[in-house]
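What follows is a single structure, written as structure tokens, with notes after it.
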Amino acid sequence: MKIIFAGTPEFASQHLEIVLESDHEVLCVLTQPDRRSGRGKKVNYSPVKELATKKNIKILQPNTLKDQNLEKNLRDIKADIILVVAYGLLVPKNILDIPRFGCINVHGSLLPRWRGASPMEYSILEGDKKSGLSYMQMSEGLDEGPVYETHECSINHEDSLGKLEEKLIALSKENLNSFLSRLEKGQLKPKDQDSNLATFAPKISKEILQLDWVNQNAQNIICKINAFEPKYGAYFLLGDKRIKIHKAKEISSLPSSIPGTISILENEMIISCKDATSVQIEIIQMEGKNKVSGQEFITAYEDLIKSHKKIEFTTR
120 MKIIFAGTPE
130 FASQHLEIVL
140 ESDHEVLCVL
150 TQPDRRSGRG
160 KKVNYSPVKE
170 LATKKNIKIL
180 QPNTLKDQNL
190 EKNLRDIKAD
200 IILVVAYGLL
210 VPKNILDIPR
220 FGCINVHGSL
230 LPRWRGASPM
240 EYSILEGDKK
250 SGLSYMQMSE
260 GLDEGPVYET
270 HECSINHEDS
280 LGKLEEKLIA
290 LSKENLNSFL
300 SRLEKGQLKP
310 KDQDSNLATF
320 APKISKEILQ
330 LDWVNQNAQN
340 IICKINAFEP
350 KYGAYFLLGD
360 KRIKIHKAKE
370 ISSLPSSIPG
380 TISILENEMI
390 ISCKDATSVQ
400 IEIIQMEGKN
410 KVSGQEFITA
420 YEDLIKSHKK
430 IEFTTR
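120 is the number of the first residue of the sequence shown in the numbering used here; add one for each residue after it.
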């Protein structure tokens, strides 16, 4: 199989590595343009570009796929397939129709559940017990195309976004190259999705990252922390300080606790939630500082905690 690979983040890079270890041939990589970030506005390559550079693979980084010159370039490559994994740009119909087998997307959910940009995050956020991968034929609609195969894994209560990504990558290590070979041999037939069962996972906004102790119970809070760890970081505001929680666990509720109240019990940082539930903070991070344990945070910021025992849900 001659492949054009389209992807950007580390999750995509891991899939590119899987394909490169097979007999399939990657002729070209599509990845998003380089970005400037950090205090020095340093130019950063995407993980996919870093790997493609190391492997001497041709790289294209268009700002949009709606470009006639790009279409010509892709046609001239004469690939059998465009394999898309977390690319981040919309693929128009004229591009979808270029390869012999069209464009195949490795999507991080069991479609039609969680169509959209953030399927893994929403699987954890909503407390799903299982997730998986869908190998699907791309169409003009958002993740609406027919599905060739799905591969399932469990989501445990303590699984973070990073852990779920590891599980899905493991599924592709077992199945992706075999899938591509069987597709090339004409041994697979896709099945249409039931759109009545579709749910949607939009791009993660800054607003959704804030923890709401008053309107969410401990289980909801832990799901949110796990869903955004380590890529984003769920946070709360203590006074004018933005503080991220990277790991927490549910504990027995405190007597007469008011949601959003911080308590220090036996040198542990406890925060009360909705429905008389509570969480114990295990790993936490003050803005601009390193991650520390809950106990270390108490030692460093006890005065701040005592002066703001009640956490307010506000925007900043």
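C-beta atoms are modelled at their ideal positions from N, C-alpha and C, and glycine is treated no differently.
Please read these numbers as outputs of a predicted model, since none were measured by experiment.
Quick one: Cα of residue i to Cα of residue j, how far?
i: G235; j: D262; result: 7 Å
i: L146; j: L135; result: 12 Å
i: H427; j: D153; result: 41 Å
i: A205; j: P128; result: 7 Å
i: I123; j: K177; result: 10 Å
i: G442; j: I370; result: Residue 442 cannot be examined here, being either before or after the span of the chain that is shown, 120 to 435.
i: N339; j: D247; result: 12 Å
i: A419; j: S412; result: 11 Å
i: L208; j: P321; result: 14 Å
i: I402; j: N386; result: 14 Å
i: D311; j: E406; result: 46 Å
i: K282; j: N275; result: 10 Å
i: E245; j: G260; result: 24 Å
i: S300; j: K325; result: 41 Å
Can you tell which of the options has its C-alpha closest to the C-alpha of residue i?
i: E415; options: H427, K393, M388; result: M388
i: S314; options: S165, K174, W233; result: W233
i: W332; options: V411, L290, N182, I344; result: I344
i: L170; options: Q133, R194, Q180; result: Q133
i: A198; options: K325, L208, E385, V148; result: V148
How about residue i and residue j: do their beta carbons lie closer than 7 Å?
i: P218; j: I200; result: yes
i: I327; j: A367; result: no
i: I430; j: F355; result: yes
i: K121; j: E144; result: yes
i: T150; j: V138; result: no
i: E190; j: N213; result: yes
i: E284; j: F130; result: yes
i: A337; j: P231; result: no
i: I323; j: E271; result: no
i: P378; j: K360; result: no
i: G227; j: P238; result: yes
Keeping to the same chain, check which residues put their C-beta closer than 8 Å to that of residue i; ignore five residues upstream and five downstream.
i: S376; result: S382, S391, A395, S397
i: V210; result: A125, L184, I201, V203, C222, M257
i: F298; result: Y254, Y267, E268, L307
i: P309; result: M255, Q256, G264, P265, V266, Y267
i: R155; result: K161, V162, N163
i: R194; result: I217
i: E293; result: H270
Between residue i and the rest of its own chain, which residues show a CB-CB distance below 6 Å, the 5 nearest in sequence each way excluded?
i: I424; result: I381
i: N296; result: S141
i: N192; result: none
i: Q404; result: K363, K410
i: S372; result: A395, T396, S397
i: E421; result: none
Contact defined as beta carbons within less than 8 Å: I believe residue i pairs with residue j. What is the distance between those atoms, to the nearest angstrom?
i: L280; j: E348; result: 6 Å
i: L330; j: A353; result: 5 Å
i: I364; j: I400; result: 6 Å
i: S273; j: K304; result: The Cβ separation is near 31 Å, so there is no contact.
i: L302; j: F220; result: 6 Å
i: I243; j: D278; result: 7 Å
Please work out which residues of its chain come closer than 7 Å, Cβ to Cβ, to residue i, disregarding the five sequence neighbours upstream and downstream, and give them in chain order.
i: K350; result: L280
i: K408; result: none
i: P181; result: L189
i: N334; result: K393
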